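Chains as they are written, first to last, in the numbering used here: chain B, 2 to 223; chain V, 2 to 223.
Structure first, commentary second.
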DNA sequence: AAAGAAATTTAGACAAGACTAAAATAATTT
DNA sequence: AAATTATTTTAGTCTTGTCTAAATTTCTTT
Ligand SMILES: [Mn+2]
Ligand SMILES: [Mn+2]
Ligand SMILES: [Mn+2]
Ligand SMILES: [Mn+2]
């Protein structure tokens with residue numbers, strides 16, 4: 002049952018899953034960008050993944066995960082997020098560094114160790130950045146939430162999730178105490194694409210429009 | 002300063018170090034055997050490692066680590082042994098499984114994580130099988146001890162180290178309570194290459210000659 | 001000392017995964 | 001609708017690390 006997949010294949014499937022969850026089409030260029038390889042390299046890997054029935058591909062039209070491919074992607078994402086949380090909880094790795102470490106560890110985690118870590122953490126459902134952890138059976142809850150950048154001023158919101166890709170942003174947010182589950186008020190959106198001002202723990206902080214795209218929130222139930 | 006070395010190179014250097022510590026010469030065939038690759042593959046990697054000045058090589062005469070190569074080997078062995086101990090202590094992985102896991106994790110451990118694990122464990126000096134953990138500076142204590150198979154009957158000995166390579170042996174030894182630091186008496190050596198009988202916690206157990214080569218002991222001070 | 005056996009190296013091939021440059025196709029402007 | 005631009009694919013090359021088969025060197029026997 003267990004096929005041995007290369008780290009490269011695992012990273013491609015994960016990237017395709019991630020692009021699928023935010024973009025309409027999963028284009029060669031999007032994957033090229035995300036994985037830091039040339040478009041030509043993406044095309045050749047796409048061919049291989051198609052042959053293995055892990056994705057479908059219409060020439061020039063982008064790719065799509067098959068159920069088998071999606072299952073593997075979620076397996077790797079589960080590893081990634083469990084490891085992130087484990088590193089933070091068990092070894093005190095700061096939340097802006099866990100992503101980078103997990104990027105390597107996700108590929109060498111045995112099923113046995115996955116279970117031990119899961120148990121140690123008390124079967125958690127979200128990682129340190131608020132992203133949901135896929136279940137062992139290859140399913141994952143999808144939540145409904147808004148990007149901070151789209152929220153109207155004067156709204157009380159609760160942070161749901163923060164992108165884990167930019168360590169510098171994470172350090173800034175950690176510095177002002179903005180984590181998943183934090184409640185805050187959107188005070189104003191400065192004109193001319195200026196920052197969004199939020200208030201938490203009695204102080205006001207600016208958050209750039211671009212950063213605010215990567216902070217997901219839900220309206221606080223008052 | 003930090004060169005990025007492939008997992009393969011790291012495994013070769015580690016294997017060379019390990020063969021060096023037990024055999025006179027580090028032969029192509031010994032490495033081939035240990036790494037599970039063909040002799041021809043060893044020769045070609047040996048050429049590469051020589052060019053990088055990590056080993057010296059006299060044609061048909063075996064290889065030797067340079068100081069630079071030895072330092073890297075010990076770095077990997079340090080990772081390996083810290084991870085083994087960590088998995089056992091922090092996640093309860095049984096001692097017969099830690100080696101297999103560590104074989105993969107040793108290559109993806111950052112210096113930061115290495116330090117965190119070291120600290121968590123209280124700066125340990127031996128791994129679960131009793132092998133010394135190299136220090137950060139690339140040095141390691143070498144101990145003087147005897148293989149159990151060479152000990153005369155009627156001697157009280159203390160277990161120093163057990164080979165981590167055979168899970169089945171480790172399970173057997175764990176089952177009879179034979180771990181590093183355990184004291185036991187060598188009762189007899191059965192004739193015709195028969196087993197060695199040891200006594201611990203009041204009971205006698207047989208240990209095959211071959212297994213006894215991989216159990217290192219010292220005379221108990223008493 | 002020579003022959004035979006064993007170990008090592010060379011030669012040549014292959015698979016994975018990347019790259020660049022050029023060709024093909026699709027999307028956008030004019 | 002044609003021309004221009006952008007995206008994607010193809011073609012061909014490279015590196016890493018492996019393999020098998022053949023040649024070379026060393027070791028062991030006689
Ligand atoms: Mn990865
Ligand atoms: Mn995360
Ligand atoms: Mn290894
Ligand atoms: Mn060990």
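All C-beta atoms, glycine included, are put in the ideal place defined by N, C-alpha and C.
Because the structure is a prediction, the values reported are computed rather than measured.
Would you identify the three-state DSSP class for residue i, choosing helix, strand or coil?
i: residue 147(B); result: strand
i: residue 25(V); result: coil
i: residue 205(V); result: strand
i: residue 177(V); result: coil
i: residue 6(V); result: coil
i: residue 122(B); result: coil
i: residue 142(B); result: coil
i: residue 153(V); result: coil
i: residue 168(V); result: helix
i: residue 30(V); result: helix
i: residue 18(B); result: helix
i: residue 114(V); result: helix
i: residue 61(V); result: coil
i: residue 12(V); result: helix
So residue i is in the alpha helix (DSSP H); what residue range does that whole segment cover?
i: residue 226(V); result: Limits of chain V in this structure are 2 at one end and 223 at the other, which puts residue 226(V) out of reach.
i: residue 78(B); result: 68-92
i: residue 214(V); result: 210-214
i: residue 106(V); result: 99-106
Which residues share a DSSP beta bridge with residue i?
i: residue 127(V); result: 133(V)
i: residue 56(V); result: 66(V)
i: residue 217(B); result: 148(B) and 162(B)
i: residue 189(B); result: 198(B)
i: residue 184(V); result: 159(V)
In the DSSP assignment, find the beta strand (DSSP E) that holds residue i and state where it starts and stops.
i: residue 159(B); result: 156-163
- Item | Any heavy atom of ligand 1 nearer than 5 Å to the CB - residues listed | With 5 Å as the limit between CB and the heavy atoms of ligand 1, the residues that fall short of it are 12(B) and 104(B).
- Task: Name all residues in chain order for which at least one heavy atom of ligand 4 lies closer than 6 Å to the residue's CB.
- Result: Result: 82(V), 85(V), 100(V), 128(V), 130(V), 132(V) and 165(V).
- Return the residues of the region 112-135 of chain V that lie within a Cβ-Cβ distance of less than 8 Å from chain B, sorted by chain order. Listed in sequence order: 113, 114, 117, 118 and 121.
- Task: Please list the residues of the region 89-108 of chain B that have a C-beta atom closer than 9 Å to any C-beta atom in chain V, keeping them in chain order.
- Result: Those residues of the region 89-108 of chain B that come within reach of chain V (Cβ to Cβ, closer than 9 Å) are 91, 92, 93, 94, 98, 101, 102, 105, 106 and 108.
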